[in-house]
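Everything on this sheet refers to the single structure shown next.
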Amino acid sequence: MTKMYRRFLLASVCSLGFGLAAPALAQGQAGKGIPLRGAILAQVEPAAPAVLPVSPTPGATEKLPPEKEPYWSWFKYNPSVLSTWTISSTPGNPNIVKAVPTRLGLVSPQKRVLVLYPRASSAYDVSITKIFSVFEDKILDAEVTIANFKLDDRAGMEQIQKAEAEGYDLILAMGSESTAWLWSKYKNGKLPVVSVCSKDPVVLGQSPGYDLGSGTNFAFTSLNMPMDVQMAYVNELKPRLRNIAVLVDSKNLSAVETQSKPVIEYAKKRGIRVLEIAVADPANAQAELAKLVPQAAAQMQRNDPDLKNSLFWLTGSTSVFKEIDTINKFAGPVPVVAVVPEIVRDGDSTAAMSIGISFESNAHLAAIYSVDILAGRARASELKVGVVSPPDIAISFRKVRDIGMTVPFSMFEAAGTIYDYEGKAVRVDGANVTKKIN
Numbered sequence: 045m046t047k048m049y050r051r052f053l054l055a056s057v058c059s060l061g062f063g064l065a066a067p068a069l070a071q072g073q074a075g076k077g078i079p080l081r082g083a084i085l086a087q088v089e090p091a092a093p094a095v096l097p098v099s100p101t102p103g104a105t106e107k108l109p110p111e112k113e114p115y116w117s118w119f120k121y122n123p124s125v126l127s128t129w130t131i132s133s134t135p136g137n138p139n140i141v142k143a144v145p146t147r148l149g150l151v152s153p154q155k156r157v158l159v160l161y162p163r164a165s166s167a168y169d170v171s172i173t174k175i176f177s178v179f180e181d182k183i184l185d186a187e188v189t190i191a192n193f194k195l196d197d198r199a200g201m202e203q204i205q206k207a208e209a210e211g212y213d214l215i216l217a218m219g220s221e222s223t224a225w226l227w228s229k230y231k232n233g234k235l236p237v238v239s240v241c242s243k244d245p246v247v248l249g250q251s252p253g254y255d256l257g258s259g260t261n262f263a264f265t266s267l268n269m270p271m272d273v274q275m276a277y278v279n280e281l282k283p284r285l286r287n288i289a290v291l292v293d294s295k296n297l298s299a300v301e302t303q304s305k306p307v308i309e310y311a312k313k314r315g316i317r318v319l320e321i322a323v324a325d326p327a328n329a330q331a332e333l334a335k336l337v338p339q340a341a342a343q344m345q346r347n348d349p350d351l352k353n354s355l356f357w358l359t360g361s362t363s364v365f366k367e368i369d370t371i372n373k374f375a376g377p378v379p380v381v382a383v384v385p386e387i388v389r390d391g392d393s394t395a396a397m398s399i400g401i402s403f404e405s406n407a408h409l410a411a412i413y414s415v416d417i418l419a420g421r422a423r424a425s426e427l428k429v430g431v432v433s434p435p436d437i438a439i440s441f442r443k444v445r446d447i448g449m450t451v452p453f454s455m456f457e458a459a460g461t462i463y464d465y466e467g468k469a470v471r472v473d474g475a476n477v478t479k480k481i482n
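Here the sequence shown stands for residues 45 to 482, numbered as in the numbering used here.
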C-alpha cells in the first residue's frame, strides 16, 4: 500500500483539560504584523490628464465571473485557482471545460489530461482545486479538459474516443461512480486512468490487493482507511463502546460497500450493538434523518443510559453528511464522528470529530500519481493502491464542549485540524493558526 505521510506542527500545551469541566483552550501569543521597512513619503506629482472612457471593441465579449459561467452548476473550484490557471467554457456545451496554466501564454501544452465527472459534488470541488494546485506546483505543462458525462454511456465513450484520437495522455476518474463506469467500460484501454475521490478499490473488487498494482491501465487511490486502523482510533476515543449508529445513503452503493458494511461487520464481531440508519430517498434525507436519528438515540439509551459509550458514525454519503445540522439536533449528547474530515468545520454546523482521509489529501496523492505517470516515472499498472497515512483527524472543540465529550490527549496531538471553543480554526492541515489581538 502506497502511503503519503504528513508531519504536523503540534502546539505546545502547558495545561489543557478535556471534558465537561475543561477550561478554554490556551491561546498562543498574538502574531504581529510585519512592519514596513521605512516610511513611505508622499510625492507631489503634476496632475495627470483626464482619461476619457474607451468604448469596447465591437463584437468583443466580456469575460464572465466563474459563478456566471454555464458550467458553474456542476464544476466549481476555489477562486485561488484563477491566479495560475485560465479556465474557459465551451461555447454551446456547458458540460465541457478547458483549463491551461496561465504561465504557458501562447505556448502549446506538452500533455493533455481528461477529467471525467459523473455529476456535481462539493467533494469534487475540493478535489479538482487540489489537483490544479499540485499540477502547478509540479510545473506540469498540461491542458486539462473536464467533462461531465452524467454517467451516460454514449457521452462517456465519446469523450474517451475523442481523447484517444486527439492524443490525450491520461484520464482522471472523478468519484466512485466515474471510476466504476470506466472500470467496466475501459479496463485495459489505451490511456492510463487514475482514480480520485473514490472509495476502496479492493473492497469494490477493482484491485487484487492494497500492496499490488492493478495489472491494468488503472492506478487506484482510496478515500478509505484499512478498517482495523480506523477502528483503533475509535477504540481510543470510546474504549467501552456499546452502540454505533451508521448513517449512510442506501443509494450510494460505494459508501454502503466500503464505509458502512465493513464497520457493521467489525462492530458485530466485537459485540458492539449496531444501528443501521440508511436513508432511502436522498432527496428527502432531512425528513428521514429527523425521524431515524432520534429513534436511534432512544434505542442507545436502553443499554447506555447516559449515552457516554455510544456514537453516530457518519459515512461519506453527500446527501447524508450535508444534513449535519439535522443529525446534530437529534443526536443530543451522542458524538457524531465522520469519516470525511471536511465535515468538521468552523461554527456549529459541524461533526464533533472526523477520523479518515480528506478529499484534499486523496486528491493530492492522485495528482502525484498522475504527474509520475505523465513524466514516465511510473506505470499505472504497477502503482499500489494509494492510501494516505496517518489519517486526517479533525476536532471541533466547540461541538465537543456542547455535548460533554472527552477527547484523549493523544488524539488532540495527532489532529491536523482543530477548531477552538469559539468554533474558530487554531490548527489547519497541521499548521497552527496565529491569531492577531488588537
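We put the CB at the ideal spot given by N, CA and C, even for glycine.
Inter-residue Cα distance where the pair is residue i and residue j
{"i": "residue 293", "j": "residue 325", "result": "8 Å"}
{"i": "residue 120", "j": "residue 395", "result": "24 Å"}
{"i": "residue 352", "j": "residue 377", "result": "8 Å"}
{"i": "residue 159", "j": "residue 385", "result": "24 Å"}
{"i": "residue 156", "j": "residue 458", "result": "39 Å"}
{"i": "residue 70", "j": "residue 473", "result": "Unreliable positioning characterises residue 70 in this predicted model, as indicated by a pLDDT of 37, which lies under 50. A coordinate reading is not provided."}
{"i": "residue 270", "j": "residue 398", "result": "15 Å"}
{"i": "residue 202", "j": "residue 380", "result": "43 Å"}
{"i": "residue 316", "j": "residue 109", "result": "52 Å"}
{"i": "residue 117", "j": "residue 411", "result": "24 Å"}
{"i": "residue 257", "j": "residue 335", "result": "44 Å"}
{"i": "residue 437", "j": "residue 451", "result": "12 Å"}
{"i": "residue 345", "j": "residue 333", "result": "18 Å"}
{"i": "residue 373", "j": "residue 449", "result": "16 Å"}
{"i": "residue 125", "j": "residue 168", "result": "14 Å"}
{"i": "residue 206", "j": "residue 193", "result": "13 Å"}
{"i": "residue 111", "j": "residue 314", "result": "49 Å"}
{"i": "residue 421", "j": "residue 226", "result": "24 Å"}
{"i": "residue 477", "j": "residue 471", "result": "5 Å"}
{"i": "residue 425", "j": "residue 173", "result": "26 Å"}
{"i": "residue 356", "j": "residue 390", "result": "20 Å"}
{"i": "residue 445", "j": "residue 208", "result": "55 Å"}
{"i": "residue 349", "j": "residue 443", "result": "21 Å"}
{"i": "residue 465", "j": "residue 343", "result": "30 Å"}
{"i": "residue 475", "j": "residue 409", "result": "19 Å"}
{"i": "residue 55", "j": "residue 136", "result": "Annotation note: pLDDT 36 at residue 55 (below 50); position unreliable, coordinate value reported separately. So the alpha carbons of these two residues sit roughly 52 Å apart."}
{"i": "residue 275", "j": "residue 198", "result": "42 Å"}
{"i": "residue 467", "j": "residue 329", "result": "26 Å"}
CB contact flag (residue i, residue j, <9 Å)
{"i": "residue 234", "j": "residue 200", "result": "no"}
{"i": "residue 327", "j": "residue 300", "result": "no"}
{"i": "residue 114", "j": "residue 153", "result": "no"}
{"i": "residue 268", "j": "residue 243", "result": "yes"}
{"i": "residue 248", "j": "residue 359", "result": "no"}
{"i": "residue 175", "j": "residue 407", "result": "yes"}
{"i": "residue 30", "j": "residue 337", "result": "In the structure displayed, the chain extends from 45 to 482; residue 30 sits before or after that span and is not available."}
{"i": "residue 129", "j": "residue 210", "result": "no"}
{"i": "residue 433", "j": "residue 246", "result": "no"}
{"i": "residue 364", "j": "residue 439", "result": "no"}
{"i": "residue 222", "j": "residue 303", "result": "no"}
{"i": "residue 191", "j": "residue 140", "result": "yes"}
{"i": "residue 241", "j": "residue 133", "result": "no"}
Top-ranked residue by Cα proximity to residue i, from the options
{"i": "residue 427", "options": "444, 470, 260", "result": "260"}
{"i": "residue 339", "options": "459, 124, 221, 319", "result": "319"}
{"i": "residue 392", "options": "356, 469, 245", "result": "469"}
{"i": "residue 435", "options": "445, 455, 421, 443", "result": "455"}
{"i": "residue 461", "options": "418, 430, 447, 405", "result": "405"}
{"i": "residue 402", "options": "178, 198, 266", "result": "266"}
{"i": "residue 122", "options": "166, 151, 141", "result": "166"}
{"i": "residue 224", "options": "107, 298, 208", "result": "298"}
{"i": "residue 423", "options": "238, 124, 218", "result": "238"}
{"i": "residue 189", "options": "220, 143, 218, 151", "result": "143"}
{"i": "residue 127", "options": "164, 177, 420", "result": "177"}
{"i": "residue 231", "options": "204, 240, 212", "result": "204"}
{"i": "residue 277", "options": "478, 170, 197, 453", "result": "453"}
{"i": "residue 219", "options": "212, 164, 198, 197", "result": "164"}
Distance between beta carbons of residue j and residue i, contact taken as under 8 Å
{"i": "residue 413", "j": "residue 441", "result": "With a Cβ gap of about 35 Å, residue 413 and residue 441 do not count as contacting."}
{"i": "residue 162", "j": "residue 195", "result": "5 Å"}
{"i": "residue 430", "j": "residue 264", "result": "7 Å"}
{"i": "residue 417", "j": "residue 214", "result": "6 Å"}
{"i": "residue 375", "j": "residue 341", "result": "6 Å"}
{"i": "residue 354", "j": "residue 296", "result": "About 24 Å; that fails the 8 Å criterion."}
Neighbour flag for residue i against chain D, beta carbons, 9 Å
{"i": "residue 365", "result": "You won't find chain D in this structure, because it holds only one protein chain."}
inquiry  = Does the contact criterion of 3 or more C-beta pairs under 8 Å hold for the region 178-186 versus the region 144-155?
reply    = yes
query = Counting pairs of beta carbons, one from the region 365-375 and one from the region 296-314, are three or more of them closer than 8 Å?
reply = Pairwise C-beta distances place the region 365-375 out of contact with the region 296-314, as fewer than three of them are shorter than 8 Å.
message = Taking 8 Å as the cut-off, does the region 276-286 touch the region 249-267 (at least 3 CB pairs, one atom from each stretch)?
response = Judged by Cβ distances under 8 Å, the region 249-267 makes no contact with the region 276-286, as fewer than three pairs qualify.
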